[in-house]
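One structure is given below, encoded as structure tokens.
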Amino acid sequence: LDEAIDATPDEPRTSRRARAVVVGDDPAELRRLTSFLAPLPHQVVAVGSVGDALAAIRSDDDAAVVVIDARHPGVEALEVVRAIRGEEGAPTAPVLLLVGGAQDDPDAARELYGLGAVDVLAQPTDEHALRAKVSLLAELAITSAALRRADERADEHQRALAAQQSVMRALSGGASDDVISHVAQTLAQALGWQVGTFWATTGAGFRCNESWFDPSLSATELERLHAGSTLDSTGGVVGRAASSGVPVGARLDDLDDDDPFVRAALDAGLSDALALPIAVDSMPLGVIELLRAEARPLDTHTVATLDAIASLIAQFAQARRTEDETEALKNEFFALVSHELLTPLTSILGYLEELLAGASGEFNEEQEQDLEVIDRNARRLFRLVDDLMFVAQVETGSLSLNLMSVDLNAVVVEAIDAAQPAAKGRGIQLVAATEPVGQVRGDIRRLGQIVDHLISNAVKFSHDGGRVDVVLRRDGDDAVIEVADQGLGVPTAEQSRVFERFSRSSIAAEKEIPGIGLGLSISKVIAEAHGGSIAMDSTEGVGSTFSVTLPIERPSDDGASDHDQE
Amino acid sequence: MDQDGKTVLVADDDDDVLALVVRRLERDGYTVLTARDGAEALSVAQQHVPDLAVLDVMMPQLTGYEVTEHLRKDPATERIPVILLTARVQEADVSRGFAAGADDYIKKPFSPQELRSRVQAVLGRR
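Going down the list, the sequences are from chains A and B.
With my numbering as the guide, the letters of the first sequence map in order to residues 823 to 1388.
With my numbering as the guide, the letters of the second sequence map in order to residues 8 to 133.
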């Protein structure tokens, strides 16, 4: 198995040949029994002791029939059967055929049958009967060995599929960077291997990123060797898996035992090694190395599944890398955009302020009005840039609020005042109905942003000469701000998307109502960041009502209220 | 407005923003020194030891943060108050500015009136 195992042969293992092991202490009798069995299409081995019999059975992990010649006192049938049955790791359950003797003692016969002896031949001199029985039992042994192997393969494949599930779960749940390292453990545990290591590819070779050892294993030396160690790229299964790009399996026995890793693994009672290369676009990322105590070849299905797991991990790593790069690009982009957009805005707004303050002399009324138009639009542009940067902040998870006690009445009144000019211009009536609601703990600028946005939205979507109602009321422990218009409304089919970023209703597009679809999504983020919520109730052609619910500050919060930043 | 001829260093790589700040401060009676990148700002500060430095964050050569850090390391300049002008809005940037040793920061776009009162406040504090 000391090579790439993607071609583990299945066929030769379903051979129709069994091995007949004849045990006895009389060489002449052994020769005779052997010659009786010679015409059978099976291998016949004659051995003179229990130990040789065990060796003969173990040397073949396929079907075996054991024939015990118990006619002479030198070989005690019970002893042989006990030894075979009791042998741990005896790969098969040999079918036993006792020749003579045992049936004389009923107790011994009962124990023999109890241990699994299947037949007793009383007349060992009957060549035909012996051959017929051995032939039948050999068929039975071959069939049961084949079934057992199929079972093992099915089991192993089942485990591999379960491992695939576990790995997928681990990858989808893992947000941290070392999730790939943990996959080695996930895989080892799911497959029933005792050691799982992720060797990360470095310039010169590999570095042990993370290693997992089954608690039942006593492998102190191996653990010590793994901790933070490095491997050069040529040695062992890890190196070969990385350079070939395919899974490599090996019996530790067959590896270089000068290698301290191999020696320590053998000392820990491990026997199989498997190395699974993880590569992204043929760039090796690392190798998952698994070790187990059980020595058993891997079948092709299992290897195919392991290969699939490896590519799953690689895809994940790839996606992760792309995500990181995108994230970095996005951050860089927003930093650049904010600088490049805000610098000219600084000059526009700054010089305008100086002009309007009369720093360069007085203007006539018309000039002053023009400057105010420029100023209003520059501020609008700034708000847009600010909104985009707000979105960027939320995206990068760096939204921060300057919390203090906020009087929502004042916020609402101010927002209504600010919206009056635009409303009056289109004959829209702004009607306020507020009741004292106490204080809300929040960022006054951000809360003002929500109310400003909802009112200006309501005005935008109202018909000329319409009416917008702004209500501030208390509802239990919450303050509720409602902004209701009698305007265009939102079609039912589009209502679920109104709070999504860059979502604009078809009506807004049709009527060419300006906006880029950020305001409501920003309002939602702000409301939720304050522990509140936002909702819409709308009927197309009748109007929309937006309500923002914010938790009212409890009196016990007062002590800390004005103590925050800014 | 008599500012006792206090000297303010203003550094920004954008000429228009620089001129805006310079004009505002000169009208208030300050003596204004200018720099167009971080390295120049540092050398002017070391040479003239102004009463205040107003530094843009995103400048070529050295950023406003780096200039502030250098100023704080040198006993000759460590006491110069620094106001950072930043177009970046993230909390991390603000804390980075304070960590570097800045006394205040102003977000772009800023009102010249606001800048003026921040300058007065920082100078008054010292």
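Where a beta carbon is used, it is the ideal one built from N, C-alpha and C, also for glycine.
For clarity, every value in this text was computed on a predicted model and none was experimentally measured.
Review point. Where do the ends of the alpha helix (DSSP H) carrying arginine 1205 of chain A lie?
Key: 1187-1217
Check your understanding: At a Cβ cut of 9 Å, what residues of the segment 1322-1343 of chain A count as close to chain E, listed as they run along the chain?
Key -> Among the protein chains of the structure shown, namely A and B, there is no chain E.
Review point. In chain order, what residues of the same chain have a beta carbon less than 7 Å from the beta carbon of alanine 1174 of chain A, not counting five sequence neighbours either side?
Key: Strictly speaking, residue 1174 of chain A in this sequence is leucine, with alanine absent from that position. Sequence-distant partners of leucine 1174 of chain A (beyond 5 residues in either direction) whose C-beta falls short of 7 Å from its own C-beta, in its chain, are Leu1193, Ile1196, Asp1197, Ala1200.
Exercise for review: For chain A, find out if any of its Cβ atoms is closer than 8 Å to the Cβ of phenylalanine 105 of chain B; answer yes or no.
Suggested key: no
Check your understanding: Taking Cβ to Cβ, would you say isoleucine 1303 of chain A is nearer than 8 Å to valine 1234 of chain A?
Key -> yes
Check your understanding: What number of angstroms, rounded off, separates the C-alpha of glutamate 1334 of chain A from the C-alpha of leucine 1151 of chain A?
Key -> C-alpha separation (whole angstroms): 33 Å.
Review point. Exposed or buried, aspartate 1274 of chain A, counting other C-beta atoms within 10 Å across all chains shown (16 or more means buried)?
Key: buried
Practice item. Using a Cβ-Cβ cut-off of less than 7 Å, list which residues of the segment 1192-1210 of chain A approach chain B; keep chain order. Key: Phe1204
Check your understanding: For the segment 114-125 of chain B, which residues have a CB atom closer than 9 Å to at least one CB atom of chain A, in sequence order?
Key -> Taking 9 Å as the Cβ-Cβ cut-off against chain A, the residues of the segment 114-125 of chain B that qualify are Lys114, Lys115, Pro116, Phe117, Ser118, Pro119, Gln120, Leu122.
Point to revise | Contact set between the segment 16-30 of chain B and chain A, restricted to residues whose Cβ is under 7 Å from the partner | key: Asp21, Asp23, Val24, Leu27
Review point. Helix, strand or coil: which one does DSSP assign to alanine 1130 of chain A?
Key: helix
Exercise for review: Would you mind telling me which residues of chain B sit closer than 7 Å to leucine 1164 of chain A, beta carbon to beta carbon, in chain order?
Suggested key: By Cβ distance, chain B contributes Ala94, Lys115, Pro116.
Exercise for review: Could you tell me which residues DSSP pairs with phenylalanine 1035 of chain A in its beta bridges?
Suggested key: A/Val1017
Exercise for review: Entirely within the segment 1275-1346 of chain A and at least 3 residues each: give me those beta strand (DSSP E) ranges in chain order.
Suggested key: Taking only runs of at least 3 residues, the beta strand (DSSP E) segments lying wholly in the segment 1275-1346 of chain A are 1289-1297, 1300-1307.
Review point. Any Cβ of chain A within less than 8 Å of the Cβ of methionine 66 of chain B?
Key: no
Point to revise | Residue range of the alpha helix (DSSP H) that includes isoleucine 1238 of chain A | key: For isoleucine 1238 of chain A, the enclosing alpha helix (DSSP H) covers residues 1230-1247.
Check your understanding: What number of angstroms, rounded off, separates the C-alpha of valine 867 of chain A from the C-alpha of alanine 1072 of chain A?
Key -> 30 Å
Check your understanding: Checking contacts by CB at 8 Å: is glycine 1180 of chain A closer than that to chain B?
Key -> With 8 Å as the cut-off, glycine 1180 of chain A does not count as an interface residue toward chain B.
Review point. Lysine 114 of chain B by DSSP, collapsed to three states: which one?
Key: strand
Point to revise | Nearest to serine 1133 of chain A (by Cα), restricted to the options A/Ile1344, A/Asp1103, A/Leu859, A/Ser1038 | key: A/Asp1103
Exercise for review: Decide if the segment 1178-1193 of chain A is in contact with the segment 1158-1169 of chain A; the criterion is three or more beta carbon pairs, one per stretch, under 8 Å apart.
Suggested key: No, the segment 1178-1193 of chain A is not in contact with the segment 1158-1169 of chain A.
**Study point:** Supposed contact pair alanine 860 of chain A and alanine 960 of chain A - C-beta distance, whole angstroms, cut 8 Å
**Key:** Alanine 960 of chain A to alanine 860 of chain A, Cβ: 14 Å. No contact.
Review point. Using a Cβ-Cβ distance under 8 Å, would histidine 1352 of chain A count as near chain B?
Key: no
Practice item. Please name the residue in A/Ala899, A/Val956, A/Leu962 whose C-alpha comes closest to that of arginine 932 of chain A. Key: A/Ala899
Check your understanding: How is glutamate 1362 of chain A classed by DSSP in three states: helix, strand or coil?
Key -> coil
Check your understanding: When you compare only the Cα positions, how much space is there between alanine 1006 of chain A and tryptophan 1034 of chain A?
Key -> 7 Å
Point to revise | Among B/Asp58, B/Val29, B/Val51, B/Ala42, the one whose alpha carbon lies nearest that of threonine 14 of chain B | key: With distances taken between Cα atoms, threonine 14 of chain B lies closest to B/Asp58.
**Study point:** For glycine 1061 of chain A, the three-state DSSP class (helix, strand or coil)
**Key:** DSSP places glycine 1061 of chain A in helix when its eight states are reduced to three.
Exercise for review: Output the distance between the C-alpha atoms of histidine 1048 of chain A and aspartate 1081 of chain A, rounded to the nearest integer angstrom.
Suggested key: Taken atom to atom, the span from the alpha-carbon of histidine 1048 of chain A to that of aspartate 1081 of chain A is near 13 Å.
Exercise for review: Quick one: list the residues of chain B neighbouring leucine 1177 of chain A, beta-carbon separation under 8 Å, in chain order.
Suggested key: Near leucine 1177 of chain A there are no residues of chain B at all, since even the closest Cβ is about 11 Å away, more than 8 Å.
Check your understanding: Less than 7 Å between the CB of glutamate 1190 of chain A and some heavy atom of the ligand GTP, yes or no?
Key -> With respect to the ligand GTP, the structure shown offers nothing to examine, as it has no ligands at all.
Practice item. Please state whether DSSP places proline 82 of chain B in a helix, a strand or coil. Key: coil
Practice item. Spatial neighbours of glutamate 978 of chain A within its chain, please: CB distance less than 6 Å, with the 5 preceding and 5 following residues excluded, ordered by chain position. Key: Thr1124
Check your understanding: Which class does isoleucine 1266 of chain A belong to by DSSP, given the choice of helix, strand or coil?
Key -> helix
Check your understanding: Which of helix, strand or coil does DSSP assign to valine 903 of chain A?
Key -> helix
Check your understanding: In terms of residues, what are the limits of the alpha helix (DSSP H) holding arginine 1118 of chain A?
Key -> Counting along the chain, arginine 1118 of chain A falls outside any alpha helix (DSSP H), and DSSP gives it neither H nor E.
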